[in-house]
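Colleague: The structure is given below, and queries will be raised subsequently.
Numbering (our numbering), first residue to last: 1284 to 1458.
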């Protein structure tokens, strides 16, 4: 038999192993800190490697061989991830990263809302406006804002609530 043709006994054995051990292999890879998608890919890789092993059905401990292959796949996966610095990359998620095309009318509407919100912000008392700017634009924590302005964190929260209510009312009235 050629190297690309799987022995019928090996073929049946791989199907049987896949049916019985796929969930265990998947858990094996998940415990090794793989994402669910990477774990499923790794399971596939194990069975791809098994299908290339001639005489698989003649092995005495096929399950042991399968998990040795799984360990090898896990090591390969982590080496590739390290060499590509996979931990330094964000994974793509449609819900977070998908872009939507908005027409020019949506852009104009957004600019109008921003202008209204800015005008409403400028109408607020100076301390309330400062709290909003420090919180939303400079992204400071409430405790840091309170320390800088010499007020309590409760006062910071009250200023923010007052400002957000004021701004949202102005935007809703004019849109």
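We treat Cβ as the ideally placed atom computed from N, Cα and C, and that holds for glycine.
#1: Leaving out the 5 sequence neighbours to the left and right, which residues in its chain are closer than 7 angstroms to residue 1428 when beta-carbon positions are compared?
#2: By Cβ distance below 7 angstroms, which residues in the same chain neighbour residue 1322 in space, the five residues on each side in sequence not counted?
#3: How is the alpha helix (DSSP H) around residue 1346 delimited, first residue to last?
#4: Let me make sure I understand the geometry here. Which of 1296, 1315 and 1386 has the alpha-carbon closest to that of residue 1343?
#5: Whole angstroms is fine: what's the gap from residue 1410's alpha carbon to residue 1392's?
#6: Given residue 1334, which residues of its chain have a CB within under 7 angstroms of its CB, disregarding the five upstream and five downstream residues?
#7: Check each candidate in 1360, 1361, 1450 and 1326 and name the one with the smallest Cα separation from residue 1350.
#8: Does DSSP classify residue 1422 as helix, strand or coil?
#9: Check for me: the alpha helix (DSSP H) holding residue 1296 runs from which residue to which?
#10: In whole angstroms, what separates the C-alpha of residue 1285 from that of residue 1336?
#11: Starting from the C-beta of residue 1300, find all residues in its chain whose C-beta is less than 8 angstroms away, skip the five residues before and the five after it, and write them out in chain order.
#12: Can you list, in chain order, the residues of its chain whose CB lies under 6 angstroms from that of residue 1293, leaving out five sequence neighbours each side?
#13: Is it the case that the Cβ atoms of residue 1399 and residue 1457 are separated by a distance below 8 angstroms?
Modeller: Reading off the structure:
#1: 1414, 1417, 1418 and 1439
#2: 1309, 1312 and 1313
#3: 1345-1366
#4: 1296
#5: 29 angstroms
#6: Within the same chain, residue 1334 has close Cβ partners 1289 and 1297.
#7: 1326
#8: Under the three-state reduction of DSSP output, residue 1422 falls in the coil class, being neither helix nor strand.
#9: 1291-1314
#10: With a pLDDT of only 48 at residue 1285, under the threshold of 50, the placement of this residue in the model should not be trusted; the figure read from the coordinates follows. Residue 1285 and residue 1336: Cα-Cα distance of roughly 12 angstroms.
#11: Cβ neighbours of residue 1300 beyond the five flanking positions: 1330, 1333, 1345, 1346 and 1349.
#12: 1339 and 1340
#13: yes
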